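Trainee: Protein chains in written order, with our numbering: chain F, 67 to 387; chain W, 33 to 530.
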Amino acid sequence: MTSSTATAPALLARLGAFDWRRYIIYIGFVAVFLLFSILLRNDGFLSSGNLLNIGRQTATITVIAVAMTFVIASAEIDLSVGSVAGLASVCAAMAVAQWGLLAGIVAGLAVGALIGAINGGLVSVLQIPSFLVTLGMLGIASGVAMWITNSAPQPILSSTFNLVFGGGNLGPIPGLIVWSLLAVALGAVVLAKTRFGRQVLATGGNRTAAEFTGVNTRAIKFKVLLLSGTVAGLAGMLYAGRLETGRFQWGAGDELSAIAAVILGGTSLFGGSGSVVGTMFGALLIGLINNGLILAGLDTSQQQVVRGGIIILAVALARRK
Amino acid sequence: MTGFAVEMRGISKAFDTVTVLSEVDFAVRHGEVHALAGENGAGKSTLMKILQGIYELDSGTIEVDGRPVRLGSPQAARAAGIGMVFQEFSLVPTLTVAQNIFLGSEPRGRTGLIDDRAAERRSAEVFADMGVSVDPGRTVASLSTAYWQLTEIAKALAQDARVLIMDEPTASLAKHEADALFELIDRLKVRGIAVIYISHRMEEVYRIADRITVLRDGRWVLTESLAEITPPQIVEAIVGRRLEAQLTYTDRGDAGETLLEATGLRAGGRVRDVSFRLRAGEILGLAGLMGSGRTELARCLFGIDRLDAGEVRLRGTRVDLSSPGAAIAAGLALIPEDRREQGLVLDHSVRDNLLLPLLGRLRRGPVLSDAAGRRLSQELLERFSVKVADPARPVRLLSGGNQQKVVIAKWLGTDPDVLIMDEPTAGVDIGTKSEILDMIRGLADAGKGVLVISSELPELLAVSDRVLVLRDGTVHRELHRRDIPSEEALQLAVQGVS
Numbered sequence: 067m068t069s070s071t072a073t074a075p076a077l078l079a080r081l082g083a084f085d086w087r088r089y090i091i092y093i094g095f096v097a098v099f100l101l102f103s104i105l106l107r108n109d110g111f112l113s114s115g116n117l118l119n120i121g122r123q124t125a126t127i128t129v130i131a132v133a134m135t136f137v138i139a140s141a142e143i144d145l146s147v148g149s150v151a152g153l154a155s156v157c158a159a160m161a162v163a164q165w166g167l168l169a170g171i172v173a174g175l176a177v178g179a180l181i182g183a184i185n186g187g188l189v190s191v192l193q194i195p196s197f198l199v200t201l202g203m204l205g206i207a208s209g210v211a212m213w214i215t216n217s218a219p220q221p222i223l224s225s226t227f228n229l230v231f232g233g234g235n236l237g238p239i240p241g242l243i244v245w246s247l248l249a250v251a252l253g254a255v256v257l258a259k260t261r262f263g264r265q266v267l268a269t270g271g272n273r274t275a276a277e278f279t280g281v282n283t284r285a286i287k288f289k290v291l292l293l294s295g296t297v298a299g300l301a302g303m304l305y306a307g308r309l310e311t312g313r314f315q316w317g318a319g320d321e322l323s324a325i326a327a328v329i330l331g332g333t334s335l336f337g338g339s340g341s342v343v344g345t346m347f348g349a350l351l352i353g354l355i356n357n358g359l360i361l362a363g364l365d366t367s368q369q370q371v372v373r374g375g376i377i378i379l380a381v382a383l384a385r386r387k
Numbered sequence: 033m034t035g036f037a038v039e040m041r042g043i044s045k046a047f048d049t050v051t052v053l054s055e056v057d058f059a060v061r062h063g064e065v066h067a068l069a070g071e072n073g074a075g076k077s078t079l080m081k082i083l084q085g086i087y088e089l090d091s092g093t094i095e096v097d098g099r100p101v102r103l104g105s106p107q108a109a110r111a112a113g114i115g116m117v118f119q120e121f122s123l124v125p126t127l128t129v130a131q132n133i134f135l136g137s138e139p140r141g142r143t144g145l146i147d148d149r150a151a152e153r154r155s156a157e158v159f160a161d162m163g164v165s166v167d168p169g170r171t172v173a174s175l176s177t178a179y180w181q182l183t184e185i186a187k188a189l190a191q192d193a194r195v196l197i198m199d200e201p202t203a204s205l206a207k208h209e210a211d212a213l214f215e216l217i218d219r220l221k222v223r224g225i226a227v228i229y230i231s232h233r234m235e236e237v238y239r240i241a242d243r244i245t246v247l248r249d250g251r252w253v254l255t256e257s258l259a260e261i262t263p264p265q266i267v268e269a270i271v272g273r274r275l276e277a278q279l280t281y282t283d284r285g286d287a288g289e290t291l292l293e294a295t296g297l298r299a300g301g302r303v304r305d306v307s308f309r310l311r312a313g314e315i316l317g318l319a320g321l322m323g324s325g326r327t328e329l330a331r332c333l334f335g336i337d338r339l340d341a342g343e344v345r346l347r348g349t350r351v352d353l354s355s356p357g358a359a360i361a362a363g364l365a366l367i368p369e370d371r372r373e374q375g376l377v378l379d380h381s382v383r384d385n386l387l388l389p390l391l392g393r394l395r396r397g398p399v400l401s402d403a404a405g406r407r408l409s410q411e412l413l414e415r416f417s418v419k420v421a422d423p424a425r426p427v428r429l430l431s432g433g434n435q436q437k438v439v440i441a442k443w444l445g446t447d448p449d450v451l452i453m454d455e456p457t458a459g460v461d462i463g464t465k466s467e468i469l470d471m472i473r474g475l476a477d478a479g480k481g482v483l484v485i486s487s488e489l490p491e492l493l494a495v496s497d498r499v500l501v502l503r504d505g506t507v508h509r510e511l512h513r514r515d516i517p518s519e520e521a522l523q524l525a526v527q528g529v530s
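1) Is L400/W close to chain F, meaning its C-beta is less than 8 Å from at least one C-beta of that chain?
2) By alpha-carbon positions, which one of S341/F, A318/F, F336/F ends up nearest to A327/F?
3) Count the other CB atoms within 10 Å of the CB of I114/W; is the residue buried (16 or more) or exposed (fewer)?
4) Chain F beta carbons: is any one of them nearer than 8 Å to that of D249/W?
5) At the level of alpha carbons, what is the spacing between I261/W and G337/F?
6) Work out the CA separation of D454/W and S486/W for me, nearest whole Å.
7) Would you say I336/W faces chain F, with C-beta separation under 8 Å as the test?
8) Can you tell me whether P240/F is buried or exposed, with buried defined as 16 or more other CB within 10 angstroms of its CB?
9) Applying the criterion that 16 or more other CB atoms from any shown protein chain within 10 Å of the CB defines a buried residue, is I378/F buried or exposed?
10) Report the rounded CA-to-CA distance for V158/W versus R140/W, giving the unit in angstroms.
11) For the beta strand (DSSP E) containing R345/W, name the first residue and the last one.
12) Roughly how many angstroms separate the alpha carbons of G342/W and G357/W, rounded to a whole number?
13) Applying the criterion that 16 or more other CB atoms from any shown protein chain within 10 Å of the CB defines a buried residue, is K480/W buried or exposed?
14) Please go through the same chain and pick out, in chain order, the residues whose beta-carbon is closer than 6 Å to the beta-carbon of A151/W, but skip the five residues on each side of it.
15) With a threshold of 16 other CB atoms inside 10 Å of the CB of N185/F, please say whether the residue is buried or exposed.
16) Taking the alpha carbon of V526/W as the point to measure from, which residue in M116/W, H232/W, Q181/W has its own alpha carbon closest?
17) Which residues in chain F sit within 8 Å of E373/W, going by Cβ to Cβ distance?
18) What would DSSP say about K76/W, mapped onto helix, strand or coil?
19) Flag V377/W as yes if its beta-carbon sits less than 8 Å from any beta-carbon of chain F, otherwise no.
20) Using beta-carbon positions only, say whether L183/W and N132/W come within less than 8 Å of one another.
21) Contact between the segment 348 to 363 of chain W and the segment 320 to 340 of chain W is defined here as three or more beta-carbon pairs at a separation below 8 Å; is this criterion met?
22) Go to H380/W, then tell me how far its beta strand (DSSP E) extends in each direction, as first and last residue.
23) Taking V227/W as part of the alpha helix (DSSP H), name the residues at either end of that continuous run.
24) What number of angstroms, rounded off, separates the C-alpha of G42/W from the C-alpha of S140/F?
25) Considering only residues of the same chain and omitting the five flanking positions on each side of P219/F, which have a CB-CB separation below 6 Å?
26) Could you give the residue range of the alpha helix (DSSP H) that holds T171/W?
27) Output yes or no for whether 8 Å exceeds the beta carbon distance between I286/F and V266/F.
28) Whose C-alpha, out of N119/F, F111/F, S246/F, G174/F, is nearest the C-alpha of I222/F?
29) Return the chain-ordered list of same chain residues with a C-beta closer than 6 Å to the C-beta of V199/F, the five sequence neighbours on each side being excluded.
30) Nearest chain F C-beta to I440/W closer than 8 Å, yes or no?
31) Would V117/W and A188/W be called neighbours here (beta carbons separated by less than 8 Å)?
32) Within 8 Å, do at least three Cβ pairs link the segment 270 to 281 of chain F to the segment 370 to 384 of chain W?
33) Where are the alpha helix (DSSP H) runs, 4 residues long or more, that stay fully inside the segment 296 to 369 of chain F, in chain order?
34) Could you list the residues in the segment 122 to 150 of chain F with a C-beta less than 9 Å from some C-beta on chain W, going in chain order?
35) Who does F36/W pair with in a DSSP beta bridge?
36) For G250/W, count neighbouring C-beta atoms within 10 Å of its own C-beta (all shown protein chains included) and say buried if the count is 16 or more, exposed if not.
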């Protein structure tokens with residue numbers, strides 16, 4: 067056999083060994099993007115205004131989903147993030163009205179952190195499954211938000227607050243996109259490059275082995291839920307700032323979009339592996355599909371059907387083994 | 033002479049390139065209790081898994097009641113009349129005894145719905161045949177473990193099993209429960225049911241079995257009537273002539289000062305009163321039967337289970353054993369019994385596994401340095417000659433032996449003073465085994481204290497300077513290596529005979 071014929075099969079073998087499932091989210095993102103670029107070229111899909119719009123609309127979900135990546139990678143779940151965002155938005159709005167800008171920011175973050183700490187405490191100390199704890203908290207947080215506001219919207223008159231949290235722009239880039247890129251960059255580094263991130267993955271991959279290796283897995287579970295609550299509080303303020311109002315409905319249902327984004331991004335639902343950048347593309351893919359379907363003139367009911375189908379298909383393709 | 037209930041001939045089986053069974057013959061008569069003996073790794077459980085249809089054989093034939101069968105699946109084996117009484121019980125605790133017995137083959141009424149009452153009636157009949165009284169309507173969770181086992185047996189009999197496989201059936205039973213089980217086995221024999229009985233306990237084998245087959249290193253060694261073989265002959269057949277070189281003990285001279293001192297340890301029900309000393313540069317072997325408290329002792333020494341009483345001192349300072357993290361900080365390390373469940377994150381890379389206890393050392397500011405991680409993991413892999421093509425690949429792709437070396441290397445990176453190794457060579461091939469034993473000797477030579485827990489006596493004898501024999505949660509004997517004349521002598525001490 068000559069050397070030239072030997073390298074060809076070797077190259078083929080290497081191509082065959084290429085694990086395309088790991089990159090399915092990027093492949094899917096590019097494929098859907100190209101598809102829409104062709105099909106919707108006359109509907110303004112590729113206009114910079116529309117593309118920025120997609121970024122803006124997915125920004126809040128992206129921020130929530132970055133923290134959700136940590137939660138799911140540690141083999142837990144947080145269903146309360148959407149209603150925590152709503153509660154944080156009204157608390158921030160009320161505190162701004164009462165005591166001013168700084169108090170508003172502190173209130174929004176503190177509410178998220180408090181709920182995150184309660185979730186984390188119940189899961190790590192009392193060992194109650196996070197699914198149940200956060201399902202209960204979903205109801206509690208949104209109930210409290212309705213209660214303290216009598217279900218009324220809370221207008222925010224501080225233009226600085228609105229400008230910082232999602233209303234303003236940084237040069238040509240909408241502030242919301244800046245926030246989400248910041249969250250992704252920070253999250254990606256922490257998950258992949260810090261001791262905490264490594265311990266999160268080890269806890270999710272094999273809790274016993276992590277425990278036997280000296281990882282305090284309870285502390286890890288507490289911290290990821292604390293993080294997730296705090297970030298949900300931030301997301302609530304982004305809603306409040308952009309819409310210049312705090313309202314209990316803000317964020318409702320975001321937990322499902324965030325979980326879908328995380329799973330689409332290649333994080334294992336059973337924990338142990340996760341990619342924050344993948345999560346961002348997962349969120350963008352969902353935003354892309356939403357946007358394309360609207361431009362294509364589908365009505366809301368049809369959009370939901372198509373979106374659901376695409377998500378199931380993508381996850382099925384990305385499944386290992 | 034009655035015919036054979038099961039006859040396995042020329043059975044061979046290899047996993048990848050490792051041969052675990054080669055040309056094994058094994059036959060059980062109707063109404064016979066046939067003991068199957070051999071060390072861990074001798075091939076007993078592989079042979080039984082083939083009989084249960086869990087593994088497919090590479091070559092050989094199996095006949096059940098004189099008819100050739102292909103046992104391609106557990107269902108096929110069950111249909112052929114092979115029943116297994118699992119060591120880890122395979123019952124659903126929330127269902128009733130009757131529902132468990134008929135799980136998957138529920139009797140149905142005329143309407144096509146499940147008839148629970150018929151199931152209970154038929155279960156009661158099975159129990160009556162067995163001569164035991166169990167209420168089939170109770171949930172399994174509300175019964176003691178002895179009854180779980182009876183339910184397992186009833187389940188097999190209800191499926192018309194003609195051959196029952198029992199793997200260490202008395203491990204979780206009290207004395208009187210074990211006696212009741214033996215009486216039950218005697219009754220089953222009379223009904224022509226064949227029992228394959230796997231046990232490490234010699235007295236039980238003599239009490240209950242008619243014949244014995246011994247396997248060693250995947251090969252058939254002997255099949256003999258128990259009336260015609262003595263315990264020392266059996267032990268010799270199990271042990272065989274060793275590959276002497278790697279299993280020979282060399283006296284490493286006297287050890288240094290006392291490193292670890294444990295006094296009056298008590299934890300849970302299994303560790304009742306354990307005291308010992310471990311010197312620097314010493315290898316202390318820990319022998320004992322299953323259930324003697326070996327593993328539980330290791331767990332509480334490493335802060336996994338809480339101590340109820342007693343204290344541990346390292347170089348005279350009391351050690352905080354409130355968590356594994358605290359134990360690691362004090363200078364202890366545990367190579368756990370089950371590397372897949374407790375030692376490794378299987379889906380993570382070799383490198384990530386190696387570095388997990390060492391992350392603190394890789395920090396450059398808030399982030400971990402990849403370059404330092406690569407260097408450190410490479411250094412560990414080379415120092416312990418772990419053969420890994422690419423440390424970025426998942427550790428699950430490695431052979432068992434190499435996985436075990438990764439677990440050990442991971443701990444040596446933390447440079448502990450005392451290593452506790454629970455079954456360090458379980459499930460690794462013979463070559464790797466001798467490498468691991470050399471590793472252990474090397475660690476002791478470097479001044480570390482090593483506590484080796486093993487159910488493989490030859491291995492203990494090959495490395496230990498002293499051996500503690502644990503029995504019922506206490507130190508039953510303490511033997512200096514030079515006072516142990518042979519493996520048989522240690523075996524007898526472990527069995528509690530001497």
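Ideal Cβ placement from N, Cα and C applies to all residues, glycine included. It should be emphasised that the depicted structure is a prediction, and the values quoted were computed from it without experimental measurement.
Mentor: Per the coordinate set shown:
1) Yes, L400/W counts as interfacial toward chain F.
2) The option with the nearest alpha carbon to A327/F is S341/F.
3) Around the beta-carbon of I114/W, 16 or more other beta-carbon atoms lie within 10 Å, marking it buried.
4) D249/W is outside the set of residues whose beta carbon lies under 8 Å from a beta carbon in chain F.
5) Between I261/W and G337/F, the C-alpha separation is close to 54 Å.
6) One alpha carbon belongs to S486/W, the other to D454/W, and they sit about 6 Å apart.
7) Look at I336/W: its C-beta is under 8 Å from a C-beta on chain F.
8) A buried status is given to P240/F, since no fewer than 16 other beta-carbon atoms sit within 10 Å of its beta-carbon.
9) With fewer than 16 other Cβ atoms within 10 Å, it is exposed.
10) About 18 Å.
11) Unbroken beta strand (DSSP E) run through R345/W: 341 to 346.
12) Distance between the alpha carbons of G342/W and G357/W is about 20 Å.
13) By the C-beta density criterion, K480/W is buried, having at least 16 other C-beta atoms within 10 angstroms.
14) Same-chain partners within the cutoff: A130, F134, P139.
15) The residue in question, N185/F, is buried, as its Cβ has 16 or more Cβ neighbours within 10 Å.
16) Minimum Cα distance to V526/W is reached at H232/W.
17) Contact annotation for E373/W against chain F: N272, T274, A275 [CB-CB distance below 8 Å, chain order].
18) Of the three classes helix, strand and coil, the one that applies to K76/W here is helix, per DSSP.
19) It does; some Cβ of chain F falls within 8 Å.
20) Sequence check: residue 183/W is Thr here, not Leu. Using a Cβ distance threshold of 8 Å, T183/W and N132/W count as a contacting pair.
21) Segments in contact, yes.
22) Going by DSSP, H380/W is part of no beta strand (DSSP E) at all; its letter is neither H nor E.
23) No alpha helix (DSSP H) holds V227/W; the beta strand (DSSP E) holding it covers 226 to 230.
24) Near 48 Å, if we compare the C-alpha coordinates of S140/F and G42/W.
25) Same-chain partners within the cutoff: T311, R313.
26) From DSSP, T171/W is part of no alpha helix (DSSP H); its letter is neither H nor E.
27) Yes, these two residues count as a Cβ contact at 8 Å.
28) Considering only alpha carbons, the answer is G174/F.
29) N185, L188, V189, listed in sequence order.
30) Using a Cβ-Cβ cut-off of 8 Å, I440/W does not count as an interface residue toward chain F, since no Cβ of chain F sits closer than that to its own.
31) Closer than 8 Å, so yes.
32) The segment 370 to 384 of chain W, when compared against the segment 270 to 281 of chain F, does touch it at the 8 Å Cβ threshold.
33) Counting only runs of 4 or more, we get 320 to 330, 342 to 361.
34) Result list empty, no residue passes.
35) Beta-bridge partners of F36/W (DSSP): R61/W.
36) By the neighbour-count criterion, in which a residue is buried when 16 or more other Cβ atoms sit within 10 angstroms of its Cβ, G250/W is buried.
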